[in-house]
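Chemist: In the numbering used here, the protein residues as written are 8 to 575. Using N, Cα and C, we set each Cβ at its ideal position, and we do this for glycine too. Being a predicted model, the structure only gives us computed values, none of them experimental. Have a look at this one.
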DNA sequence: GATCATACGATCGTCACTATTCATAGTGA
C-alpha cells in the first residue's frame, strides 16, 4: 500500500470511530495521521519503526498499523470496526446538521442504517420525536436528501471557482460599510479544488455587510446568518461563508480563516509556548493585543517570516519561517517559455501561427509545438511523414511571426511496453520531446513503473508529461512507484511536468515536493489546445508554489539558450 | 491515539450559530 491508500484507511477508521462514539481525540489522532501520511513525500513502507515514530503525531500504535498495512495491505482492526458499524451511517455525515452524536443517536434509537432508513424515519415523523432533535432538523434532513447526489460531495475545480469568486468579490466590494473584503480559505491557498468560499470583511457595521451578501443575486439559500457570520449557498451549489470583523482585527482574521487548519493549530501552539493566545481577533498577551491588523505583524510577533498562503499546510513551513529558510516560490513572471502545446495538426483548436501569436501575447519568449504521435488515433496523431511536414509549417510561422521562438516538439506516446511511438532517429531530430502515457494507465504498479522508467531511459525524452494521468473528479491517478521513477529521472536528466490544465495539475503538490527532494527538475506547461489557454499557466504555477517549487527548479524559467545547454 | 514529563494521567484549538432542553449540546468551520 502506498501513502495515499494508507491515509484513506486512517480516514475511514476515523469516520467509523467517530459515529461509534469513540473519544474525540482518538478520532482526531487518526485524522491527523491520515494527513501526515498523505503529505509525506517518501513512501512510509520504506521507513523503519523508529523513523515512523519520529513523525509528529505517529506513535507506536499508528506505526504498527502503518507497517501492517504496508506489508499485508489489510488491517484487522479496520475489519473489526466495519463489522460493528453499518457502513451506510458514514455517508450520513454529508447531511448538514448531522454530526457523529446525532448519527449515533439515530442509529441506536431509530435503527437508522443508511440514507434510505433515514428518509423513512424522517417521512414518518419519528425524528422530531427524539429528545434533543426536532421538527426543524427533520425538515432539513428531508430537504438534504432531496438534493441530487452528484451535487453533494464533489469539490469544485479552482479554475471553475475563480470567476465565481471574482464576481462575488466585485459585488461585496461595492458595500461602503466594508473597509476591506478578501477571500480566505483553500481558495486563497490555491488548492486544486475548493469545497466552499470563505469571504472575510472588515467593517464596523457588520449588518450592512451581511445584508450585501444576502442581497447577492446568485444566492439561492441562507443556511445561517448571525451578527458576524453568515453562510449562504449560491445557485451553482457553492457555499459561501462570510465573516465580518472589526477593521483592526483584519490581519489576524485573515490568517485564521486562510488556514489550513493544521497550520493554524501549529501557530496557536507556538503562541501558547510563548504564553500568548492566538485567535481570529488577534495575538494576545493577557488581555492586551500585541498584533492583529495585518498578517505580517502576527507572524513577526510569533518570531516568524510571513508565510505565503500556498504552503500553509503544516508541512515544515513554520520551521522554515522560524529559521529564515522559506523557499522563494516561483511566480508566473518567472516563466519564459512553454514546452507543451497542441495545434490543429492534431487535437488543438488553433493553427500553429495562432498559437505562436497567442504565446507571444502571453509574454512568452519561446513555445514548443508538441502535437500527439500516431498512437493517439482519435487525436489524429502524427506519423514521421506528417511530423516532417509540420516542421515546414513551423519554419514558415517562425519566418512570419516576430517576438516568439518556436521549437519542433512532440508529445510522444509511451506504449504499453515502455517503448515510444516514434523511431529514435525521428525523435533525435526534434528540439523537445514530451513523453506521456495516454492509455492502459490502470495497469498494475509494477508494470506501469517499468513502462515509465523505460521511456525515461530513452535519451531523446526531455520530460515526462502529466505523470500520473489523473483527471480530478474523473480519473484516478495511475499507480506507480514514484521513488523509482524519480530516481530514474534524476539519473537520466529527464524532467517532470507540472501540467497546468485545471483538471490535471499533475504532478500534484506533494509529488512536487518529492521531485524537488529527489533533485529532479520540473517543467510547468500549459498543454494549451487554444491560445486562450496560455493564461492557464497560472494554475500550474499555483500548484508548483504549493509544492515549494522555486524558479531554479523549473526548466522553462530559463532563457532558451540555457534550456538547450542542459546536460543529460 | 499521541504527547508531555510532579513519568500517570491530564491534555489535546477555538468560537459563532442554531435548535431545543431557552442554557446547553451539537455542529461546522
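What whole-angstrom Cβ distance do residue 217 and residue 251 have, given they're in contact under 8 Å?
Modeler: Residue 217 to residue 251, Cβ: 7 Å. Contact.
Chemist: Using the Cα positions of residue 574 and residue 498, report the straight-line distance between them to the nearest angstrom.
Modeler: In this prediction, residue 574 has a pLDDT of 43, which is less than 50 and means its spatial position is unreliable; what the coordinates show is noted afterwards. Answer to the nearest angstrom: the Cα atoms are 11 Å apart.
Chemist: Within a Cβ cutoff of 6 Å, which residues of the same chain sit near residue 236, ignoring the five residues on either side of it in sequence?
Modeler: Only 250 meet the Cβ criterion.
Chemist: Check each candidate in 258, 548, 181 and 56 and name the one with the smallest Cα separation from residue 222.
Modeler: Closest option to residue 222, Cα to Cα, is 181.
Chemist: Round the Cβ separation of residue 374 and residue 345 to the nearest angstrom and send it over; I've been treating them as touching at under 8 Å.
Modeler: Contact holds; Cβ gap of about 5 Å.
Chemist: What is the DSSP secondary structure of residue 53, reduced to helix, strand or coil?
Modeler: In the structure shown, residue 53 sits in a helix (DSSP, three-state: H, G or I).
Chemist: Take residue 260 and list the residues in its own chain whose beta-carbon comes closer than 6 Å to its own, dropping the five residues that flank it on each side.
Modeler: Cβ within range, chain order: 207, 252 and 287.
Chemist: Assuming residue 479 contacts residue 245 under a Cβ cut-off of 8 Å, what Cβ separation, rounded to an integer in Å, is found between them?
Modeler: That pair is no contact at about 16 Å.
Chemist: On a CA-only basis, which of 457, 512 and 367 is nearest residue 538? Give me that one, please.
Modeler: Cα-wise, what sits closest to residue 538 is 367.
Chemist: In or out: residue 73 buried (at least 16 other Cβ within 10 Å) or exposed?
Modeler: Looking at its Cβ environment, which holds 16 or more other Cβ atoms inside 10 Å, residue 73 is buried.
Chemist: Taking the straight line between their C-alpha atoms, what separation do you get for residue 27 and residue 20?
Modeler: Their backbone Cα atoms lie some 10 Å apart in a straight line.
Chemist: Pull up the DSSP beta-bridge partners for residue 246, would you.
Modeler: 203 and 240, per the DSSP bridge assignment.
Chemist: Just reading off the beta strand (DSSP E) that residue 418 is part of, what are its end residues?
Modeler: Its beta strand (DSSP E) spans residues 412–420.
Chemist: Count the other C-beta atoms from every protein chain shown that fall within 10 angstroms of the C-beta of residue 451, then say buried if there are 16 or more, exposed otherwise.
Modeler: The residue is exposed, with fewer than 16 neighbouring Cβ atoms inside 10 Å.
Chemist: In angstroms, rounded to a whole number, what distance separates the CA positions of residue 380 and residue 347?
Modeler: Straight-line Cα distance between these residues: approximately 13 Å.
Chemist: Is residue 382 helix, strand or coil by DSSP?
Modeler: Note: residue 382 maps to coil in three-state DSSP.
Chemist: Taking the alpha carbon of residue 332 as the point to measure from, which residue in 76, 557 and 78 has its own alpha carbon closest?
Modeler: Taking only the C-alpha atoms, the option nearest residue 332 is 557.
Chemist: Among residues of its own chain, excluding the 5 on either side of residue 93, which ones have a beta-carbon nearer than 8 Å to its beta-carbon?
Modeler: Taken in chain order, the residues that qualify are 114, 120 and 121.
Chemist: On the three-state DSSP scale, how would you describe residue 161?
Modeler: Residue state, collapsed to three classes: coil.
Chemist: Return the first residue and the last residue of the beta strand (DSSP E) that residue 232 is part of.
Modeler: From DSSP, the beta strand (DSSP E) with residue 232 extends over 226–232.
Chemist: If you draw a straight line from the alpha carbon of residue 40 to that of residue 76, how long is it in whole angstroms?
Modeler: Roughly 14 Å separates the two Cα atoms.
Chemist: For residue 153, is the classification buried or exposed, using 16 other Cβ atoms within 10 angstroms of its Cβ as the cut-off for buried?
Modeler: Result: exposed.
Chemist: Taking the alpha-carbon positions, what's the residue 271 to residue 132 distance?
Modeler: Taking the straight line joining both Cα atoms gives about 42 Å.
Chemist: So what does residue 506 bridge to, in DSSP terms?
Modeler: DSSP lists 513 and 532 as partners of residue 506.
Chemist: Check whether the Cβ atoms of residue 468 and residue 519 sit closer than 8 Å, and answer yes or no.
Modeler: In this structure, residue 519 does not lie closer than 8 Å to residue 468 by Cβ.
Chemist: Does DSSP classify residue 574 as helix, strand or coil?
Modeler: Residue confidence is low: residue 574 scores 43 on pLDDT, short of 50, so the model does not pin down where it sits. Its coordinate-derived value is still stated next. The answer is coil: DSSP assigns residue 574 none of H, G, I, E or B.
Chemist: To the nearest whole angstrom, what separates the beta carbons of residue 458 and residue 423, a pair I think is in contact under 8 Å?
Modeler: With a Cβ gap of about 7 Å, residue 458 and residue 423 count as contacting.
Chemist: Can you have a look at residue 338 and say buried or exposed, based on whether 16 or more other CB atoms are within 10 angstroms of its CB?
Modeler: Per the 10 Å Cβ criterion, exposed.
Chemist: Taking residue 110 as the reference, which of 25, 210, 279 and 397 has the closest Cα?
Modeler: Answer by Cα proximity: 25.
Chemist: Report the three-state DSSP secondary structure of residue 3 (helix, strand or coil).
Modeler: Residue 3 is absent from the model: the chain starts at 8 and stops at 575.
Chemist: Express the C-alpha separation of residue 47 and residue 14 in angstroms, rounding to a whole number.
Modeler: Looking at the two C-alpha atoms, the distance is approximately 10 Å.
Chemist: Report, in whole angstroms, the separation of the C-beta atoms of residue 149 and residue 129, which I expect to be a contact under 8 Å.
Modeler: Correct: roughly 5 Å between the Cβ atoms.
Chemist: Pick from 241, 269, 362 and 196: whose alpha carbon is nearest that of residue 551?
Modeler: With distances taken between Cα atoms, residue 551 lies closest to 196.
Chemist: Report the residue from 532, 490, 487 and 503 whose alpha carbon sits nearest the alpha carbon of residue 509.
Modeler: Of the listed residues, the one whose Cα sits closest to residue 509 is 532.
Chemist: What first and last residue would you give for the alpha helix (DSSP H) that runs through residue 374?
Modeler: Residue 374 -> not in any alpha helix (DSSP H); beta strand (DSSP E) instead, spanning 373–376.
Chemist: Closer than 6 Å by C-beta to residue 187: which residues in its own chain qualify, once you throw out the five before and the five after it? Chain order, please.
Modeler: Taken in chain order, the residues that qualify are 209 and 257.
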